[in-house]
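All you need for the numbering used here is the position in the sequence shown, starting with 1, plus 187.
To keep things clear, I will list the structure first and then write my remarks on it.
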Amino acid sequence: MTEAASARPLRLLVVDDHEVVRQGLVALLDRRTEFQVVAEAGSVAESIEQSRRFQPDIVIMDVRLPDGSGIEACREIRAELPGTRVVMLTSYPDEEAVLSAIVAGASGYLLKRSTPTKLLEAIREVHAGGSPMSSSIARTAPARSRMSASVETVW
């Protein structure tokens, strides 16, 4: 990687159907020079369209969206843009959803109750090749040992 490429901010797409949540995430992320929110979306269809258009480095994706599952959006985005990473951000510590997200290609899975610092650290970790997961999810997922050896850090 060239020095110019490494100095470039991470390009992010924020996907959540609740506008107040989306705006809060954008405000948090855009304050940091290492991140650039290039697009926002509130649905599966918009997330796929915006991913194609902007080709973000990382997508912050809600699991439950009005027109379908963020997990299915993750699967489609990863199939079309294998260099784009997806971090699932949800209110629900659902073991089945966690496993489905990992199978769909998600690089991380965090709860919305995570602190802003944890979210920022998770995005950095995903960019570095890691797979962060909220600790409460890891504790409730006894099948995690079957998931993937790539899940290295437990928050």
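C-beta: ideal position from N, C-alpha, C; glycine also.
For clarity, every value in this text was computed on a predicted model and none was experimentally measured.
Please state whether the Cβ-Cβ distance between residue i and residue j is less than 7 Å.
i, j, result
"L216", "V224", "yes"
"I235", "E263", "yes"
"V285", "I247", "no"
"P319", "E312", "yes"
"L297", "A309", "yes"
"L268", "Q242", "yes"
"V274", "G295", "yes"
"A226", "Q210", "no"
Can you grab the Cα-Cα spacing for the pair residue i / residue j, in whole Å?
i, j, result
"D244", "R272", "6 Å"
"R198", "A228", "14 Å"
"D254", "D203", "12 Å"
"G257", "E282", "15 Å"
"R265", "R239", "11 Å"
"A350", "V290", "Since the first and last residues shown for the chain are 188 and 342, residue 350 lies out of range."
"R333", "C261", "Unreliable positioning characterises R333 in this predicted model, as indicated by a pLDDT of 44, which lies under 50. A coordinate reading is not provided."
"G317", "K299", "19 Å"
"Y279", "F222", "26 Å"
"R195", "L252", "30 Å"
"G270", "A315", "12 Å"
"L307", "H205", "20 Å"
Compute the beta-carbon to beta-carbon distance between residue i and residue j, rounded to the nearest angstrom, for a pair I have assumed lies under 8 Å.
i, j, result
"V250", "T277", "4 Å"
In the DSSP assignment, find the unbroken alpha helix (DSSP H) run with residue i in it and report its ends.
i, result
"L298", "Taken as a continuous stretch (DSSP letters only), L298 belongs to no alpha helix (DSSP H), being part of the beta strand (DSSP E) at 295-298."
"V285", "282-291"
"V207", "206-217"
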